[in-house]
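From first to last, the protein sequence lines are chains A and W.
Going by numbering that gives the first Met the number 0, the residue at position 26 of the first sequence is 25; the numbering climbs one at a time, nothing skipped.
Going by numbering that gives the first Met the number 0, the residue at position 37 of the second sequence is 36; the numbering climbs one at a time, nothing skipped.
Contents: one structure, followed by commentary.
Protein chains: 2
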Amino acid sequence: MEISCTRAQADHQQLLNCKNTLERMDDNFQDMTKLLSIAGSEVRLKILFLLNMEDELCPCDIADILEMSVPAISQHIRKIKDAGFISSRRDGQTLYYSLMKDKTAVLDAVFTTIKMVKKIA
Amino acid sequence: MEISCTRAQADHQQLLNCKNTLERMDDNFQDMTKLLSIAGSEVRLKILFLLNMEDELCPCDIADILEMSVPAISQHIRKIKDAGFISSRRDGQTLYYSLMKDKTAVLDAVFTTIKMVKKIA
DNA sequence: TACGTATTTAAGCAAATTCTTAAATAATAG
DNA sequence: CTATTATTTAAGAATTTGCTTAAATACGTA
């Protein structure tokens, strides 16, 4: 745990405390980074938003709404699913995806903010 | 605004409503994506968290805490600064960076969640 | 002025991302 | 079984990301 910053004003105790705090929360940072990196793409943020709003949608619906190819959407869905933030239900040939709301609860503030459409341009 | 999903059960009105909703909020999605893509990197999330906790830090401090090279940190800082989420103050040779809390308020829930360290491993 | 420190910038490279097109799976209907 | 529809998977290419090393800039001090 060596500290190398050589600034005269550097508060080495502060830096050590920061290191300890981050180390203690390392798993939390990794989990949160996984969610934020998934949500940090405009396409995927819209997919998450749509699933939050509509409960469930199939890849074809999402491709239509976002005006993108079905394989492109499917690959985004796969990424979100692999990360554990959505689940699927099959009805015949159609797969319906829905949000795991307990694992994405921290995005509620994000969705709320997005919905606050600016009145003044 | 044509809808092409050919599923028998497809609710074309629902899909049109979704398209309209997203279109109306397009700027909000872009702004939010900017913030989430910045925060969706473990290094940058830690930088934002540290600045939220410590008010201000210099690149050298952050490099020390995260055990990374100064140029690597500097380039992350530049990205966060270009996006408008931090500001800087110079004191001699040292640049202190601090969070624009009004522009990152939506991350408060993120920081709170990170701080809720799991008790049971 | 010259030197040391704090920081940024630039160049270069490996790895990751995100799309496209084409092929493979899965389920249903005739 | 064959054809059609819904979806996924794979391969490939263009772009972006994130580091490293080295050079440039900014400031303070002897």
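For each residue, glycine too, the CB sits at the ideal point set by N, CA and C.
Just reading off the beta strand (DSSP E) that L94 (chain W) is part of, what are its end residues?
93-98
Alpha carbon to alpha carbon, how far is S73 (chain W) from Q92 (chain A)? Give it in angstroms, no decimals.
50 Å
When you compare only the Cα positions, how much space is there between R6 (chain W) and M24 (chain W)?
27 Å
Decide if P70 (chain W) is buried, meaning its Cβ has at least 16 other Cβ atoms within 10 Å, or exposed.
exposed
For R89 (chain A), which three-state DSSP category applies?
strand
With a threshold of 16 other CB atoms inside 10 Å of the CB of E1 (chain W), please say whether the residue is buried or exposed.
exposed
Is there at least one Cβ from chain W nearer than 8 Å to Q29 (chain A)'s Cβ?
yes
Could you tell me whether any Cβ in chain W is nearer than 8 Å to the Cβ of K18 (chain A)?
yes
Run through chain A and tell me which residues come within less than 8 Å of M24 (chain W), C-beta to C-beta.
I113, K114, V116
Taking the CB atoms as reference points, tell me whether I85 (chain A) and R43 (chain A) lie closer together than 8 Å.
no
Measuring straight from C-alpha to C-alpha, what distance separates M99 (chain A) and D54 (chain W)?
34 Å
In chain order, what residues of the region 63-88 of chain A put their CB closer than 9 Å to some CB of chain W?
D63, I64, L65, E66
For Y95 (chain W), which residues from the same chain have a beta carbon less than 8 Å from its beta carbon, with the 5 sequence-adjacent residues on both sides left out?
E55, L56, C57, S87, R88, R89
Nearest-angstrom Cα separation, counted from C17 (chain W) out to M115 (chain A):
16 Å
Looking at chain W, is there any beta carbon in it that lies within less than 8 Å of the beta carbon of T32 (chain A)?
yes
Here's the rule: buried if 16 or more other CB atoms are within 10 angstroms of the residue's CB, otherwise exposed. What is S36 (chain W)?
buried
Residues of chain W with CB under 8 Å from I46 (chain A), in chain order?
Under the 8 Å cutoff, chain W gives no residues; its nearest Cβ is about 11 Å from I46 (chain A).
L56 (chain W) bridges to which residues according to DSSP?
W:Y96
At the level of alpha carbons, what is the spacing between A9 (chain A) and N19 (chain A)?
17 Å
Within the continuous alpha helix (DSSP H) that includes F84 (chain W), where are the two ends?
Counting along the chain, F84 (chain W) falls outside any alpha helix (DSSP H), and DSSP gives it neither H nor E.
So which residues of chain A does L14 (chain W) contact, with C-beta pairs closer than 7 Å?
D60, D63, I64
Could you give the first and the last residue of the continuous alpha helix (DSSP H) run that contains C4 (chain A)?
Note, C4 (chain A): premise wrong, no alpha helix (DSSP H); not H, not E.
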